[in-house]
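Residue numbers (the UniProt record's numbering): 1 to 250. Idealized CB from N, CA, C, for every residue including glycine. No experiment lies behind these values; they were computed from the predicted model shown.
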Amino acid sequence: MTVVLKLGGSVITDKDEPETVDRAALSAAVSAVAESPVGDDIVVVHGGGSFGHHHAAEHGVSTTAGTHDVDGVRAIHGAMCRLNAAVVDALADAGVPAVPVHPFSAATRDADGDLSLPTRQVETLLDEGFVPVLHGDLVAHAGAGATVLSGDELVVELAPAVDADRVGVCSTVSGVLDDDGTVIDRIETFEAVAAALGESEATDVSGGMAGKVRALLSLSAPALVFGPDALPAFLAGESPGTTIAGGDAD
Ligand code: IP8
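Structure representation (structure tokens):
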């Protein structure tokens with residue numbers, strides 16, 4: 001059983017304070033991973049929270065708006081490396097064989113914005129018993145300098161590459177919410193939830209929940225969106241929050 005787990009940046013950082021780890025939340029997530037029956041067959045991806053997003057906003061960089069400002073690139077990537085080190089250290093302290101993988105060193109976007117992410121390194125690390133820990137980052141972008149690469153995009157690239165059986169997206173909300181605020185149990189098609197998600201033409205995977213759902217529906221493995229309290233249940237094989245049925249789901 002191989003799992004790709006995204007820890008939302010706002011789950012593990014204090015969103016209101018630049019570059020501040022939410023130590024209690026990180027430690028709870030780390031304990032869940034360390035005690036998980038999935039063992040070491042897991043790839044962790046984390047988002048930017050008050051690290052990457054703070055600097056990206058300051059320098060006007062997004063998934064589509066790039067920069068050639070070298071100081072900006074170093075500030076954004078550097079902040080994400082600091083958060084990644086905090087996550088890897090916490091996992092290692094809990095006995096998880098976590099190692100850092102920095103997407104900026106490997107990924108590219110072409111002039112059309114299409115992402116290319118080499119994954120052999122992650123596959124091999126996993127096969128060799130490591131737990132690769134990737135993060136939202138910057139990416140070299142033809143014609144645009146460097147743009148933001150979101151953790152959600154990484155999840156969508158990594159899940160098929162490592163032949164994931166399940167994908168978990170741990171966010172601050174307890175699932176994908178209906179327009180009356182109820183957690184939707186299962187999503188089979190985008191059309192069925194488009195109205196509730198408030199947009200139907202989202203193409204940018206960082207474009208809120210609609211973009212996230214669209215991207216996760218394209219996977220063959222089922223993806224679950226759930227809140228931090230449900231992380232142990234997800235890792236135990238349960239189906240908390242919203243299940244986004246992948247192509248192979250029944
Ligand atoms: O929080 C964003 O990753 P995300 C990474 O997964 C940066 O969208 C650099 C802002």
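Work out the CA separation of G145 and R109 for me, nearest whole Å.
-> On the sequence shown, position 109 is the one that residue 109 refers to. On the sequence shown, position 145 is the one that residue 145 refers to. Taking the straight line joining both Cα atoms gives about 10 Å.
Using a beta-carbon distance below 8 Å, is R74 in contact with chain C?
-> Judged by its chain identifiers, the structure shown contains no chain C, having just a single protein chain.
Mark residue 264 as exposed unless 16 or more other C-beta atoms lie within 10 angstroms of its C-beta, in which case mark it buried.
-> Nothing about residue 264 can be read from this structure; the chain reaches only from 1 to 250.
By DSSP, does T243 sit in helix, in strand, or in coil?
-> Within the sequence shown, the letter at position 243 stands for residue 243. In this structure, T243 counts as strand in the three-state DSSP scheme.
Continuous beta strand (DSSP E) stretch holding A223: start and end = Working through the sequence shown from its first residue, we reach residue 223 at position 223. Counting along the chain, the beta strand (DSSP E) containing A223 begins and ends at 223 to 226.
When you compare each of T147, F190, T172, D40 to D22 by their alpha carbons, which one comes out closest?
-> Here residue 22 corresponds to residue number 22 of the sequence shown, with the count starting at 1. Here the closest residue by C-alpha is T172.
D179 - containing beta strand (DSSP E), residue span | As a first step, residue 179 must be located in the sequence shown, where it is residue number 179. It is not in any beta strand (DSSP E) - D179 carries neither H nor E in the DSSP assignment.
With distances taken between CB atoms, is the gap from R82 to F51 smaller than 8 Å?
-> For the purposes of this step, residue 82 is taken as residue 82 along the sequence shown, with counting starting at 1. For the purposes of this step, residue 51 is taken as residue 51 along the sequence shown, with counting starting at 1. In this structure, F51 lies closer than 8 Å to R82 by Cβ.
Any heavy atom of the ligand IP8 closer than 7 Å to the CB of A215?
-> Here residue 215 refers to the residue found at position 215 of the sequence shown. Outside the cutoff, so no.
Determine the direct distance from the alpha carbon of L231 to that of A25, and round the result to whole angstroms.
-> Taking the sequence shown and counting its residues from 1, one reaches residue 25 at position 25. Taking the sequence shown and counting its residues from 1, one reaches residue 231 at position 231. Roughly 11 Å between the two C-alpha positions.
Roughly how many whole angstroms lie between the Cα atoms of D204 and L91?
-> Working through the sequence shown from its first residue, we reach residue 204 at position 204. Working through the sequence shown from its first residue, we reach residue 91 at position 91. In this prediction, D204 scores a pLDDT of 39, lower than 50, which makes its location untrustworthy; the coordinate-derived value is nonetheless stated afterwards. Each residue's Cα considered, the two are about 31 Å apart.
Using three-state DSSP, classify I76 as helix, strand or coil.
-> In the sequence shown, the residue the question calls residue 76 occupies position 76. If DSSP states are grouped into helix, strand and coil, I76 belongs with the helices.
Any chance the CB of I76 is under 7 Å from a heavy atom of the ligand IP8?
-> Here residue 76 refers to the residue found at position 76 of the sequence shown. Result yes, Cβ under 7 Å from the ligand IP8.
Do you know offhand how far V96's Cα is from V122's?
-> What you label residue 96 is simply residue 96 of the sequence shown in a count that begins at 1. What you label residue 122 is simply residue 122 of the sequence shown in a count that begins at 1. One C-alpha to the other measures close to 16 Å.
Select from V101, R120, V30, T20 the residue whose C-alpha is nearest the C-alpha of H53.
-> As a position in the sequence shown, residue 53 is number 53, starting the count at 1. When each option's Cα is compared against that of H53, the closest is T20.
Closest Cα partner of A161 within the set R120, D71, S62, G66 = Translated into positions along the sequence shown, residue 161 becomes position 161. Of R120, D71, S62, G66, the residue nearest in Cα terms is R120.
Are the region 146 to 154 and the region 183 to 193 touching, with three or more C-beta to C-beta distances below 8 Å?
-> no
Rank D163, S116, H46 by C-alpha distance to the C-alpha of L126 and give the top, closest one.
-> Here residue 126 refers to the residue found at position 126 of the sequence shown. Selected option, being the one with the closest Cα: D163.
Under 8 Å by Cβ, that's how I've got C170 and G8 pegged, so tell me the actual separation to the nearest angstrom.
-> Residue mapping note: residue 170 aligns to position 170 of the sequence shown, counting from 1. Residue mapping note: residue 8 aligns to position 8 of the sequence shown, counting from 1. Contact holds; Cβ gap of about 6 Å.
Closest by C-alpha distance to H141, when choosing among L117, A111, A106, G72 | Residue mapping note: residue 141 aligns to position 141 of the sequence shown, counting from 1. Measuring from the Cα of H141, the nearest candidate turns out to be A111.
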